[in-house]
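See structure below.
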Amino acid sequence: MATKNQPTIIFIFGGSGDLTYRKLMPALYNLYLDNYLPEKFLIVGIGRTDFTNATFRNHSKKGVEEHSRRKEEVKPGWKEFAPCVEYMKADLSNDATYKNMLKRVHEAGEEWRAKPTTIYYMSVAPQLAPTIAEKLHKAKLTADCKRSRMVFEKPFGHDLNSATELNIQLGEMFKEEQIYRIDHYLGKETVQNILALRFANALFEPIWNSHYIDHIQITAAENIGVEDRGGYYEQAGALRDMVQNHILQLLCMVAMEAPVSFDADEIRNKKLDVLRAVRVWEKDEVHLNAVRGQYGKGWMEGKQMKAYREEKNVSPTSNVETFAAVKFFVDNWRWKDIPFYVRTGKALQSKTTLITIQFKAAPQYAFPSKAGETWRANRLTISIQPQMDIRLRFQAKQPGPHMALQPVDMIFSYNDAYGDDHQQPEAYETLLEDVIEGNPTLFMRADQVETAWKIIQPILEVWQTRPPVDFPNYSPGTWGPEDAEALIAKNGHHWVTLPEDNQ
70 MATKNQPTII FIFGGSGDLT YRKLMPALYN LYLDNYLPEK FLIVGIGRTD FTNATFRNHS
130 KKGVEEHSRR KEEVKPGWKE FAPCVEYMKA DLSNDATYKN MLKRVHEAGE EWRAKPTTIY
190 YMSVAPQLAP TIAEKLHKAK LTADCKRSRM VFEKPFGHDL NSATELNIQL GEMFKEEQIY
250 RIDHYLGKET VQNILALRFA NALFEPIWNS HYIDHIQITA AENIGVEDRG GYYEQAGALR
310 DMVQNHILQL LCMVAMEAPV SFDADEIRNK KLDVLRAVRV WEKDEVHLNA VRGQYGKGWM
370 EGKQMKAYRE EKNVSPTSNV ETFAAVKFFV DNWRWKDIPF YVRTGKALQS KTTLITIQFK
430 AAPQYAFPSK AGETWRANRL TISIQPQMDI RLRFQAKQPG PHMALQPVDM IFSYNDAYGD
490 DHQQPEAYET LLEDVIEGNP TLFMRADQVE TAWKIIQPIL EVWQTRPPVD FPNYSPGTWG
550 PEDAEALIAK NGHHWVTLPE DNQ
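Everything in the sequence shown is counted per the numbering used here, starting at 70 for the first residue and increasing by one.
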């Protein structure tokens, strides 16, 4: 693992793009304010836009002012930060681009009198990343595997075959330790707190199994449509966009066994064990365990909303799903026969990412029948966004002369516990710091990526070969198609939302 003081150059391919503007530069500036960047560093944006160093710095400053969590702190530190930001107008397919990059690395090394670590961030369309990687390898920019790293945004591959081919291609040029496949969900503070919740508290781990847990739910919902991402979404869909990466990673965090250490590969091995244990559905089982949907036109928060098929760059006859719900099983001793229900979608009722651990109900024998009228099983709910809290539902006696029970919540809120002044770092801040330090714990390894694709591949193939007959099948502002409710209701369950309605 690198030291914090290792001089570092961060090259951002797609430096003039939206991700750099909204996420990467604000994250890097916050790391600078918190003294998490090395003493000697350089950030180089690479793109086709006709920026100079000065205009790129102004552009980046505007992005920080608009999107940083610390907008009021931009001005005081920017004067010192700005000289460490540069821009290189370049054609990514031209070998001369990479020669210029190599020259800049040598210049910085001579100036700093130390060989710098180089990070290459692929903030570009996924299809461009393999070409860039080849050019980097050819130019010997990544020859030092201890001091060079590449960061790939999702999606990593389009299906199992393409992901496997990409891993093989990269494996021929780079060491696995150089490759960082980023999933911004894993950088969220609440997600990382799952491991602390489970393994640092003796009261949870003994009951974290099929003896006490009835089922588990994971919801990742958005209350907006595809907006200007129609072209991308036509190639992806909800299953590829969210389930294959974000949601399966959350499932791993919930289901993994206790690690013997926080070594990067130890954590990733435990996650891989979960993915390998997930039951892969046969094609004739898919319709019983997976549901898809597509939003039609309607009203959302008082505004008329287009149907997905009316969105920009979307086919008017598109069969791409904007909603997916799947029932999974993890076939090991801990989770025998416990269903994991996951759902994700666009244009749903609210923006929320929620993990629900539903415990089995306690026996009611000791209580009078009236006391059990409001009886509810214990439930642990981990809210990742927009709220950041963990709440435990349990039974309590209502005040009064009779034994009347009522479910109540015990809530740990990040804002209440740490105060508004203790702002949580954005996910990209955490992940970029890990890349700089050479810590791959929160990044997917090649075998994890391929195993995740194996899990959803049968669903993808069935949905591709059997066009839906009912699209669009849900309205904006709802919780998706009725079939999603039926999927979970088969076993007497219902989807949980916040605020809890004590159902």
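Here a beta-carbon is modelled for each residue, glycine too, at the ideal position from N, C-alpha and C. Keep in mind the model is a prediction, meaning the values are calculated, not measured.
List the endpoints of the continuous beta strand (DSSP E) containing Ser217.
217 to 221
Can you look up Ile293 in the DSSP assignment and give me helix, strand or coil?
coil
If you count every other CB in all the chains shown that lies within 10 Å of the CB of Pro107, and 16 or more means buried, which is it?
buried
message: What would DSSP say about His175, mapped onto helix, strand or coil?
response: helix
Next on the checklist: With a threshold of 6 Å on Cβ separation, who are the neighbours of Val193 within its own chain once the five nearest residues in sequence on each side are excluded?
Outcome noted: Phe82, Gly83
>> List, from N- to C-terminal side, the alpha helix (DSSP H) runs of 4 residues or more that fit wholly inside the region 292 to 339.
In response: 299 to 307, 317 to 324
Within 10 angstroms of the Cβ of Asp503, are there 16 or more other Cβ atoms? Answer buried if so, exposed if not.
buried
Q: List the endpoints of the continuous beta strand (DSSP E) containing Ala393.
A: 392 to 398
Q) In this structure, what does DSSP give as the bridge partners for Val360? A) Ala394
Which residues DSSP lists as bridging Asp478, in chain order
Arg462
Problem set entry | Residue nearest to Gly114 in terms of C-alpha spacing, selected from Leu210, Tyr189, Asn484, Gly256 | Tyr189
**Prompt:** How long is the line joining the alpha carbons of Glu241 and Thr233, rounded to whole angstroms?
**Reply:** 12 Å
- According to the Cβ coordinates, are Pro527 and Val347 closer than 8 Å? no
Contact between the region 398 to 414 and the region 315 to 325 (3+ Cβ pairs under 8 Å)
yes
Practice task
Taking Arg267 as part of the alpha helix (DSSP H), name the residues at either end of that continuous run.
Solution key: 258 to 268
| said: Going by DSSP in three states, Ile426 sits in which element: helix, strand or coil? | reply: strand
Option in Pro455, Thr118, Phe110, Arg173 with minimal Cα separation from Pro152:
Phe110
Exercise. Return yes when the Cβ of Glu390 is within less than 8 Å of the Cβ of Ala307, no when it is not.
Key: yes
List the DSSP bridge partners of Pro408.
-> Phe398
Checklist line | Where the alpha helix (DSSP H) containing Ala78 begins and where it ends | finding: For the record, residue 78 in the displayed sequence is Ile; it is not Ala. Looking at the DSSP string, Ile78 is not in any alpha helix (DSSP H); the run it does join, the beta strand (DSSP E), is 77 to 82.
* Asked: In chain order, what residues of the same chain lie with their CB nearer than 7 Å to the CB of Asp490, ignoring the 5 residues before and after it?
  -> The predicted position of Asp490 is uncertain, since its pLDDT is 49 and thus under 50; a value taken from the coordinates is nonetheless stated next. None.
*asked:* Does Lys601 pass the burial test, meaning 16 or more other C-beta atoms within 10 Å, or should it be called exposed?
replied: Outside the displayed range of the chain (70 to 572) lies residue 601, so it cannot be described from this structure.
(request) Can you grab the Cα-Cα spacing for the pair Asp297 / Lys244, in whole Å? (result) 36 Å
Three or more C-beta pairs below 8 Å linking the region 530 to 548 and the region 248 to 261:
no
Check: What is the residue span of the alpha helix (DSSP H) that Val565 lies within?
Finding: Note, Val565: premise wrong, no alpha helix (DSSP H); not H, not E.
Q: For Val133, collect the residues of the same chain with a Cβ closer than 7 Å to its Cβ; drop the 5 residues on either side in sequence, then sort them by chain order.
A: Met94, Pro95, Tyr98, Val143
Task: Secondary structure of Tyr156, DSSP reduced to three states - done: strand
| field | Straight-line gap, Pro328 to Pro545 (C-alpha atoms, nearest Å) | value | 42 Å
Considering only the beta carbon of each residue, do Ala394 and Ala553 sit closer than 8 Å? yes
* Out of His280, Asn127, Phe463, Ala177, point me to the one whose CA is closest to Asp406's CA. => His280
| said: I'd like the list of long-range same chain contacts for Phe398, defined as Cβ closer than 6 Å, with 5 residues on each side in sequence excluded. | reply: Arg348
>> Please return the same chain residues whose Cβ sits closer than 8 Å to the Cβ of Val174, not counting the five positions on each side in sequence.
In response: Ile78, Pro185, Thr187, Leu210
Check: Taking the C-alpha atoms as reference points, what is the distance between Glu203 and Pro550?
Finding: 44 Å
Would you check if the distance between the CB atom of Lys366 and the CB atom of Met374 is smaller than 8 Å? yes
Is Cys321 buried or exposed, if buried means 16 or more other CB atoms sit within 10 Å of its CB? buried
inquiry  = Are the CB atoms of Ser85 and Phe120 within a distance shorter than 8 Å?
reply    = yes
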